[in-house]
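Asks:
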Amino acid sequence: AAHRRAQQALADQMAGIAALDRDPERRLVADVVVRYRAAAAGQATLHVDGVTPCALWRPSHEAERLPDGRLRWTTGATVWQRTGEPWTDVALVLSTDRPSARAELAPLARDRLSLQSKAQKKKVMLSHRDEAIAQDDGAAVPGVYDGGEARVLRVDGPVSIPSDGRPHRVAAGGFTAAARFALRCRPELAPLVFLVAELRNEGPEPLLAGPVRLLAGGAYVGEGEVAYVGPGERFEQSFGSDDRFTVTYERHRHREKKLIGSDRTHFVQAVTLRAVGAARASVEVELREPVSELEALQIKRSPELCTEGLPPADADGRVRATVDLAPGDTHETLLAFWMDAGSEVILADPW
Numbered sequence: 008a009a010h011r012r013a014q015q016a017l018a019d020q021m022a023g024i025a026a027l028d029r030d031p032e033r034r035l036v037a038d039v040v041v042r043y044r045a046a047a048a049g050q051a052t053l054h055v056d057g058v059t060p061c062a063l064w065r066p067s068h069e070a071e072r073l074p075d076g077r078l079r080w081t082t083g084a085t086v087w088q089r090t091g092e093p094w095t096d097v098a099l100v101l102s103t104d105r106p107s108a109r110a111e112l113a114p115l116a117r118d119r120l121s122l123q124s125k126a127q128k129k130k131v132m133l134s135h136r137d138e139a140i141a142q143d144d145g146a147a148v149p150g151v152y153d154g155g156e157a158r159v160l161r162v163d164g165p166v167s168i169p170s171d172g173r174p175h176r177v178a179a180g181g182f183t184a185a186a187r188f189a190l191r192c193r194p195e196l197a198p199l200v201f202l203v204a205e206l207r208n209e210g211p212e213p214l215l216a217g218p219v220r221l222l223a224g225g226a227y228v229g230e231g232e233v234a235y236v237g238p239g240e241r242f243e244q245s246f247g248s249d250d251r252f253t254v255t256y257e258r259h260r261h262r263e264k265k266l267i268g269s270d271r272t273h274f275v276q277a278v279t280l281r282a283v284g285a286a287r288a289s290v291e292v293e294l295r296e297p298v299s300e301l302e303a304l305q306i307k308r309s310p311e312l313c314t315e316g317l318p319p320a321d322a323d324g325r326v327r328a329t330v331d332l333a334p335g336d337t338h339e340t341l342l343a344f345w346m347d348a349g350s351e352v353i354l355a356d357p358w
């Protein structure tokens with residue numbers, strides 16, 4: 008019986024809220040009473056700040072490829088509000104500051120140390136990973152990542168945001184920068200060729216992470232994303248895939264029989280590019296080699312199984328090769344490696 012009464016009370020409250028939404032004549036009005044004490048009579052100007060619920064913003068950007076090869080970047084935001092009052096011709100200022108977020112000192116945990124004999128040997132089990140896994144912080148407050156410093160965006164000119172709860176885009180500055188456009192393929196992630204722009208953040212403020220509306224020659228070409236980019240930092244922005252190419256990615260193991268010692272297993276990656284367009288083009292193919300963090304394990308390339316002329320890998324294990332393709336051409340790129348490990352290391356299969 009008590010449960011039914013609670014459910015009925017909740018239903019009555021929800022019905023009352025729905026009735027308020029249906030009645031456009033009913034408005035919730037709040038009065039602000041200010042008491043000001045002064046030593047002498049005179050005029051004073053007061054600024055009253057308040058916190059209003061049902062308003063939200065998130066970063067959003069626009070990137071346009073210009074005919075001269077440059078890129079125009081517009082920084083902006085998407086604003087939602089359903090506060091009950093329309094914002095008509097207002098000066099809108101957006102901030103990443105969260106006054107309600109409380110700072111907590113990180114707790115200290117006990118570190119236990121134990122002694123171990125130097126002569127004692129043990130097996131080391133190695134595993135592989137693509138990247139460091141971030142730990143979930145349950146105390147984190149959802150919002151906009153601002154690099155640890157509160158950021159303020161001032162929207163260009165007066166704007167009007169109706170109280171309809173729908174998204175509205177506003178602009179808050181931008182820049183035009185020289186960009187290098189290249190066709191790039193990362194077949195391990197996607198069997199496609201992408202048009203990628205490399206540029207520098209020429210603006211005075213960082214670019215906050217968010218969606219990017221992509222334009223080319225004034226025409227809409229799709230949606231992308233950008234991560235946090237500091238002022239003056241170089242970054243990449245993809246403009247979608249290029250249908251003039253087909254990509255096939257395969258990987259397999261090649262076992263080499265040894266007369267002396269143990270057999271050797273080579274891990275081979277094969278990328279096949281085929282040009283189906285009507286123009287010659289160059290494509291940057293990016294593959295990866297594992298990177299060892301231990302002296303007991305070394306990653307060595309297998310030159311007899313690789314495409315001739317491949318450059319060495321960078322510090323992150325990325326190998327980049329440029330492939331020139333004429334219309335109808337097919338090109339295969341091979342990258343192979345093997346693992347040289349000590350007897351105390353137990354290897355996991357990298358694939």
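First residue of the sequence shown: 8, per my numbering; consecutive thereafter. For glycine and all other residues, C-beta sits at the position ideal for the given N, C-alpha and C. Note that the structure is predicted; figures quoted are calculated from it, not measured.
1. Would you identify the three-state DSSP class for Gly-366, choosing helix, strand or coil?
2. How would you write the range of the beta strand (DSSP E) that Arg-271 sits in, first residue to last?
3. I believe Phe-407 touches Trp-358 by the beta-carbon criterion, under 8 Å. Please report the beta-carbon distance rounded to the nearest angstrom.
4. Inspect the CB distances between the region 110-122 and the region 67-85 and report whether three or more fall short of 8 Å.
5. Buried or exposed: Ala-146, going by 16 or more other Cβ atoms within 10 Å of its Cβ?
6. Out of curiosity, what's the CA-to-CA distance linking Leu-342 and Val-298?
7. Do Glu-240 and Asn-208 have their C-beta atoms within less than 7 Å of each other?
8. Could you tell me which of Asp-249, Ala-277 and Ala-8 sits nearest to Gly-284, measuring between CA atoms?
9. Do the region 286-301 and the region 333-348 meet, that is, are 3 or more Cβ pairs less than 8 Å apart?
10. Quick check on the DSSP output: the beta strand (DSSP E) that includes Gln-50 runs from which residue to which?
11. Does DSSP put Leu-294 in a helix, a strand or coil?
12. Out of Ser-269, Pro-318, Gly-180 and Leu-115, which one is the CA nearest neighbour of His-68?
13. For Ala-355, which of Leu-190, Gln-88, Gly-225 and Thr-272 has the nearest alpha-carbon?
14. Tell me the DSSP secondary structure of Leu-312 in three-state form.
15. Terminal residues of the continuous beta strand (DSSP E) containing Ser-167?
16. Asp-38 to Asp-96, Cα distance in whole Å?
17. For Gln-142, I'd like the list of residues in its chain whose CB is within less than 7 Å of its CB, leaving aside the five on either flank, ordered along the chain.
18. What does DSSP give as the partner residues of Asp-347 in its beta bridges?
19. Return the first residue and the last residue of the beta strand (DSSP E) that Tyr-227 is part of.
20. Tell me whether the beta-carbon of Thr-90 lies closer than 7 Å to the beta-carbon of Ala-116.
21. If you reduce the DSSP assignment to three classes, tell me which class Ala-179 lands in.
22. So, at 7 Å on beta carbons, what are the nonlocal neighbours of Ser-309 in its own chain, with the 5 sequence-adjacent residues on each side left out?
23. Which residues in the same chain as Arg-262 place their Cβ atom closer than 8 Å to its Cβ, once the five residues preceding and following it in sequence are excluded?
24. Can you give me the C-alpha to C-alpha distance between Asp-323 and Arg-193, rounded to a whole angstrom?
25. Buried or exposed for Glu-339, going by 16 or more other Cβ atoms inside 10 Å?
26. Rounded to the nearest angstrom, how far is the Cβ of Pro-165 from that of Ala-98, given a contact under 8 Å?
27. Could you spell out where the beta strand (DSSP E) holding Ser-121 opens and where it closes?
28. Does the Cβ of Gln-88 have 16 or more other Cβ atoms within 10 Å, making it buried, or fewer, making it exposed?
29. Per DSSP, what kind of secondary structure is Leu-17 in: helix, strand or coil?
30. Tell me the rounded alpha-carbon separation between Thr-103 and Ala-16.
Replies: Reading from the atomic positions:
1. The question about residue 366 has no answer, for the chain in this structure spans 8 to 358.
2. Residue numbering aside, residue 271 sits at position 264 when the sequence shown is read from its first letter. Residues 271-282.
3. No information on residue 407 is available, as it lies outside the stretch 8 to 358 that the chain covers here.
4. no
5. On the sequence shown, residue 146 is found 139 positions in, with the first residue counted as 1. Reliability fails at Ala-146, whose pLDDT of 44 lies under 50, so the model's placement of it is uncertain and the value that follows must be treated cautiously. The residue in question, Ala-146, is exposed, as its Cβ has fewer than 16 Cβ neighbours within 10 Å.
6. Start at 1 with the first residue of the sequence shown, and residue 342 comes out as number 335. Start at 1 with the first residue of the sequence shown, and residue 298 comes out as number 291. If I take the Cα positions, the gap works out to 15 Å.
7. In the sequence shown, residue 240 corresponds to position 233, counting from 1. In the sequence shown, residue 208 corresponds to position 201, counting from 1. Yes, these two residues count as a Cβ contact at 7 Å.
8. Within the sequence shown, numbered from 1, the residue matching residue 284 stands at position 277. Ranking Asp-249, Ala-277 and Ala-8 by Cα distance to Gly-284 puts Asp-249 first.
9. yes
10. Sequence index remark: in the sequence shown, residue 50 carries index 43 (1-based). Here Gln-50 belongs to no beta strand (DSSP E), and DSSP marks it neither H nor E.
11. For the purposes of this step, residue 294 is taken as the residue at position 287 of the sequence shown. Residue state, collapsed to three classes: strand.
12. One-based indexing of the sequence shown puts residue 68 at position 61. When each option's Cα is compared against that of His-68, the closest is Gly-180.
13. Taking the first residue of the sequence shown as position 1, residue 355 is located at position 348. Selected option, being the one with the closest Cα: Thr-272.
14. The residue labelled residue 312 in the question sits at position 305 within the sequence shown. Leu-312 falls in the helix class under three-state DSSP.
15. As a first step, residue 167 must be located in the sequence shown, where it is residue number 160. From DSSP, the beta strand (DSSP E) with Ser-167 extends over 166-168.
16. Here residue 38 refers to the residue found at position 31 of the sequence shown. Here residue 96 refers to the residue found at position 89 of the sequence shown. If I take the Cα positions, the gap works out to 23 Å.
17. By one-based count along the sequence shown, residue 142 stands at place 135. In this predicted model, Gln-142 has a pLDDT of only 48, less than 50, meaning its place in the structure is not dependable enough to derive any value.
18. Within the sequence shown, residue 347 is the residue found at index 340, counting from 1. Answer by DSSP bridge pairing, in chain order: Gln-305.
19. One-based indexing of the sequence shown puts residue 227 at position 220. Start and end: 226-233.
20. Position 83 of the sequence shown, counted from the first residue, corresponds to residue 90. Position 109 of the sequence shown, counted from the first residue, corresponds to residue 116. Not closer than 7 Å, so no.
21. Locating residue 179 in the sequence shown gives position 172, where the first residue counts as 1. Looking at Ala-179 - three-state DSSP - the assignment turns out to be strand.
22. For the purposes of this step, residue 309 is identified with residue 302 of the sequence shown, where counting begins at 1. His-273, Ala-343, Phe-344 and Trp-345, listed in sequence order.
23. In the sequence shown, residue 262 corresponds to position 255, counting from 1. Result list for Arg-262: Asp-270, Arg-271, Thr-272 and His-273, in chain order.
24. Locating residue 323 in the sequence shown gives position 316, where the first residue counts as 1. Locating residue 193 in the sequence shown gives position 186, where the first residue counts as 1. Roughly 15 Å between the two C-alpha positions.
25. Here residue 339 is taken as the residue at index 332 of the sequence shown, counted from 1. With fewer than 16 Cβ atoms within 10 Å of its Cβ, Glu-339 is classed as exposed.
26. Translated into the one-based positions of the sequence shown, residue 165 becomes position 158. Translated into the one-based positions of the sequence shown, residue 98 becomes position 91. About 6 Å; that satisfies the 8 Å criterion.
27. Counting from one through the sequence shown, the residue named residue 121 turns up at place 114. Run containing Ser-121: none; DSSP gives neither H nor E here.
28. Within the sequence shown, the letter at position 81 stands for residue 88. With 16 or more Cβ atoms within 10 Å of its Cβ, Gln-88 is classed as buried.
29. Residue numbering aside, residue 17 sits at position 10 when the sequence shown is read from its first letter. Of the three classes helix, strand and coil, the one that applies to Leu-17 here is helix, per DSSP.
30. The residue you call residue 103 lines up with position 96 of the sequence shown. The residue you call residue 16 lines up with position 9 of the sequence shown. Their backbone Cα atoms lie some 38 Å apart in a straight line.
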